[in-house]
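S.K.:
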Amino acid sequence: MPIVKATQKHVDTGVHFMLGNYALVEGAISAGCNFFGGYPITPANEISERMAQRLPEVGGQFLQGEDELCSIYACAGASLAGAKAMTATASAGFNYMQEGLGYCYAIEAPVVVADVQRCRGENYASQADVMQMRFGASGDYEAIVVCPSSVQELYDYTIWAFNLAEEFRNPVIIMSETTIALMRERLDIPAAEKLDLFNRVYTKKRPDEYLPFAAPEFGCPEAAPLAKGYKTIYSLNPHDEEGRIDWDPVVFDKLYKRITGKILENRKRICRTEQFFMDDADCAIVTYGSEVRPSLEAAHMAREKGVKLGVLKLCNVWPVPQEQIAEAAKQVRRVFTVEMNIGKYAAEIERVVNGRCPVTRVTKNVGLVHTPEEIFRAVVEGTK
Amino acid sequence: MECKINPNRRFLRKEKLPHFFCSGCGCGQVLNYFTQALDALGMETTNLVTIGGVGCTARIPVYLLSDTLHGVHGRTLAWATGIKLMQPETPIVIFAGDGDLASIGGNHLIHAARRNLDVKVIMVNNMNFAMTGGQVAPTTPEGMRTMTTPYGNAEPSFDVCELAMAAGATHVERWTTSRPVQCVNAIKRAMKHKGFSLIEIISQCPTHFGRYALKTGDPHALIEWIHSHTYTEGQEGTHTPEELSHLIKCAEFRREERPVYAGTTRPVAGGVK
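Protein chains in written order, with this note's numbering: chain A, 414 to 797; chain B, 32 to 304.
1) How far does the beta strand (DSSP E) with Lys-280/B in it extend, from its first residue to its last?
2) Taking Cβ positions only, does Met-117/B come closer than 8 Å to chain A?
3) Excluding the five sequence neighbours on either side, which residues of its own chain have a C-beta within less than 6 Å of the C-beta of Ser-461/A, listed in chain order?
4) Counting pairs of Cβ atoms below 8 Å between the stretch 198–212 of chain B and the stretch 225–241 of chain B, do you hit three or more?
5) Identify the residues that DSSP records as bridge partners of Met-499/A: which are they?
6) What does a CB cutoff of less than 8 Å around His-652/A pick up in its chain, not counting 5 residues either side in sequence?
7) Please tell me whether Tyr-568/A and Gly-702/A are closer than 8 Å, where the distance is taken between their beta carbons.
8) Could you spell out the range, first to last residue, of the beta strand (DSSP E) harbouring Arg-774/A?
9) Nearest by alpha-carbon distance to Val-471/A: which of Lys-418/A, Asp-425/A, Ala-457/A, Thr-500/A is it?
10) Starting from Lys-726/A and walking both ways along the beta strand (DSSP E), at which residues does that stretch end?
11) Report the partner residues of Thr-207/B according to the DSSP bridge assignment.
12) What number of angstroms, rounded off, separates the C-alpha of Ala-630/A from the C-alpha of Ile-36/B?
13) Identify the continuous alpha helix (DSSP H) that holds Ser-589/A and give its terminal residues.
14) Decide if Lys-418/A is buried, meaning its Cβ has at least 16 other Cβ atoms within 10 Å, or exposed.
15) Using the beta-carbon of each residue, which ones in chain A are nearer than 9 Å to Asn-138/B?
16) When burial is assigned at 16 or more other CB atoms within 10 Å of the CB, is Lys-497/A buried or exposed?
17) Work out the CA separation of Leu-781/A and Ala-637/A for me, nearest whole Å.
18) So with CB distances below 8 Å, who are the chain B contacts of Thr-358/A?
19) Straight-line CA distance for His-429/A to Leu-608/A?
20) I'd like the list of long-range same chain contacts for Gly-550/A, defined as Cβ closer than 8 Å, with 5 residues on each side in sequence excluded.
21) Tell me, please, whether the CB atom of Ile-602/A is closer than 8 Å to any CB atom in chain B?
22) Have a look at Ser-563/A, Ala-522/A, Gly-642/A and flag the residue whose alpha-carbon is nearest the alpha-carbon of Leu-437/A.
23) With H, G and I counted as helix, E and B as strand and the rest as coil, what does DSSP make of Gly-780/A?
24) Kindly indicate if chain E contains any beta-carbon less than 8 Å away from that of Cys-517/A.
25) Under 8 Å, Cβ to Cβ, is there at least one residue of chain A near Arg-110/B?
26) Would you be able to state if there are at least three C-beta pairs under 8 Å between the stretch 691–706 of chain A and the stretch 720–735 of chain A?
27) Below 8 Å on the Cβ atoms is my contact criterion, and I expect Ala-111/B with Gly-490/A to pass it. Report the Cβ-Cβ distance as a whole number of Å.
28) Quick one: give me the first and last residue of the alpha helix (DSSP H) that Arg-747/A is part of.
29) So with CB distances below 7 Å, who are the chain A contacts of Leu-72/B?
30) Over the uninterrupted beta strand (DSSP E) stretch that includes Lys-418/A, give me the two end residues.
31) What are the residues in the stretch 57–84 of chain B lying within 7 Å of chain A by C-beta distance?
32) For Phe-240/B, which residues from the same chain have a beta carbon less than 6 Å from its beta carbon, with the 5 sequence-adjacent residues on both sides left out?
33) What number of angstroms, rounded off, separates the C-alpha of Arg-463/A from the C-alpha of Leu-600/A?
34) Tell me Ser-228/B's beta-bridge partners as DSSP assigns them.
35) When you compare each of Gly-113/B, Gly-136/B, Leu-96/B to Gly-105/B by their alpha carbons, which one comes out closest?
36) Would you kindly work out how many angstroms separate the C-alpha atoms of Phe-52/B and Glu-704/A, rounded to a whole number?
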């Protein structure tokens, strides 16, 4: 089985009071991350700094690349060479990394990318990159994006991100935010034996039997070690099961349907949501990331005033947790989308709700998280 | 009649042949020189990692029976950095055009040279962006006409060997497709060198650079042009200093030892300052 327990040497078990960026690093080290390539950018610098200290302690490699492109491509190379590789950046740096991400999607290299979102050029809170997380690179692929809402989740979701990357041989993006990345709060790190890790499946076939990109229709191919005679071409160009570059429409169709299908068809296994006060709710907030906590606070305020408000928290935004959103929409009279941008993911929620109930957008992009009062007022206004 | 097969075909993916290079292109020669060097050294392709970015030269590794990374412009050395940190013993050979290495990949080139990353870079310099149709490159000589310099190239060109040496490359040579023995020997030295090797091979592009800049698509004439515009140390005496200043020197410019880049696990000499 590819599932193993974490190594205690890598897991700093205990109760900590920790910075969000550090918690993310500890999650990565617990997950077995042994390669990090990054380029300085605020507010992600604490990730690089702690990685530079921690990775040599666990036998890993740290690289400060000459730019974001070097960082992401070094991760791709390290990943093919067997590493659990990660990079971290912030919004402006994430732009540069799209090119390398596109390559990783195409050749199915597992890498984890943390994007600590910020406002244009400054460290104010934002969720404005939520669409870029999915479709930043050119070409057809599907992204997996997890969105922690606390320091604890920065640790937990980073392990989850590595497991998803290894299982689906796909890049996984940790959608962090200034808000949680630069926050210090309690972090409980469990014993290593409580942490299940997924390590990618390597082929047991001999090189002459091995087809590098052969997989079930919506599945993921088995990996092969690098420079051990498996003679694989890892090309961005369309390639057949043998890895040969081929622009035949049939090859094209099969490849892209599988690369997208392995994520979309496994959506139920990937997606996670959490429900709060949903049992008797007649209106619901659907939200993600650092907007979850003021939304919960708003739900408490609403309940005190007799408004039956529930909260559906999305632990990942891509692939879209469609079933869970649709289920919530069936139950309530109105859905509120709360996010820190001009209203981007709201369109996705509206698509899934598909007229089952009205959707009210509660959006804001001024560098500040919504206050519970703002959300509460929007809900009262919307339910009049 | 008995059909003889080049024994170095054993290094190539048979299903890929014939290759896609234009007739008269130098990329086929460089592939040939590389397999000759491997053969002479008794090396196999199967434990190599070869890397190509985007462009004509970048297609060379796709024909080799090795693990190959291909298809993104300019990032060959960035991939190699990640692989080398995880598998320091794996030999890595990069085939890059002048546009790939010196234009879009220029930043990676100087930093890989500075680190003395233990990779072998074979840069095929055809003095233009060939695959995209013959646009100007940083290596296009001043004054030359290309598809994007219809009035002549107004910019001075790069000496990529000088650039790599200034950045710290430990093994640097330049030759031309017209000097096959020197090319094979240079590649052999690179494969044995521990550290960053750059072998520049000036090559003919009959389809684009030849037709636009030199007004001929005849490969023979182009090889002659390259040969007569370059000189080796032994040929220095046959030219005046004035003539030499207009010609490109071919030589083994540098081969020296320096600690190779090994990432963070190597203790820093003398400790932390």
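By construction, the Cβ of each residue, glycine as well, lies at the ideal position given by its N, Cα and C atoms.
M.R.: Let me lay it out:
1) 279–286 is the span of the beta strand (DSSP E), which, as asked, contains Lys-280/B.
2) Chain A, which has a Cβ nearer than 8 Å to the Cβ of Met-117/B, makes this yes.
3) The beta carbon of Ser-461/A sits closer than 6 Å to the beta carbons of Gly-451 from its chain, once the five residues preceding and following it are set aside; these are given in chain order.
4) Result yes; three or more Cβ-Cβ pairs closer than 8 Å.
5) DSSP links Met-499/A through a beta bridge to Phe-449/A, Val-525/A.
6) These residues qualify, in order along the chain: Phe-626, Ile-646, Ile-658, Asp-659, Val-664, Leu-668.
7) no
8) Under the DSSP assignment, Arg-774/A falls in the beta strand (DSSP E) whose first and last residues are 772–776.
9) Nearest option by C-alpha distance: Asp-425/A.
10) 722–727
11) Ile-233/B
12) In the sequence as displayed, the identity of residue 630/A is Glu instead of Ala. If you take the alpha carbons of Glu-630/A and Ile-36/B, they lie about 40 Å apart.
13) Boundaries for Ser-589/A: no alpha helix (DSSP H) harbours it, while the beta strand (DSSP E) harbouring it runs 585–590, taken from the DSSP string.
14) Taking every protein chain shown into account, the CB of Lys-418/A has fewer than 16 other CB atoms within 10 angstroms, so this residue is exposed.
15) Glu-479, Asp-480, Leu-482, Cys-483
16) That one is buried.
17) 46 Å
18) The structure shown does not extend to residue 358/A, since chain A spans only 414 to 797, so no value can be given for it.
19) 17 Å
20) The residue asked about is misnamed: residue 550/A is Ala in this sequence, not Gly. Gln-511, Glu-512, Leu-514, Gly-515, Tyr-518, listed in sequence order.
21) No, its Cβ sits nowhere closer than 8 Å to a Cβ of chain B.
22) Ser-563/A
23) If DSSP states are grouped into helix, strand and coil, Gly-780/A belongs with coil.
24) Structure shown: chain E not included; protein chains present are A and B.
25) The amino acid occupying residue 110/B in the given sequence is Trp; Arg does not appear at that position. Yes - at least one Cβ of chain A is within 8 Å of the one on Trp-110/B.
26) yes
27) 6 Å
28) First-last for Arg-747/A: 747–752, but that is the beta strand (DSSP E), not the alpha helix (DSSP H).
29) Under a criterion of Cβ atoms nearer than 7 Å, no residue of chain A is adjacent to Leu-72/B; the nearest Cβ is some 17 Å distant.
30) 416–418
31) Thr-77, Asn-78, Leu-79, Val-80
32) Asn-157, Met-158, Asn-159
33) 16 Å
34) Lys-151/B, His-202/B
35) Gly-136/B
36) 55 Å
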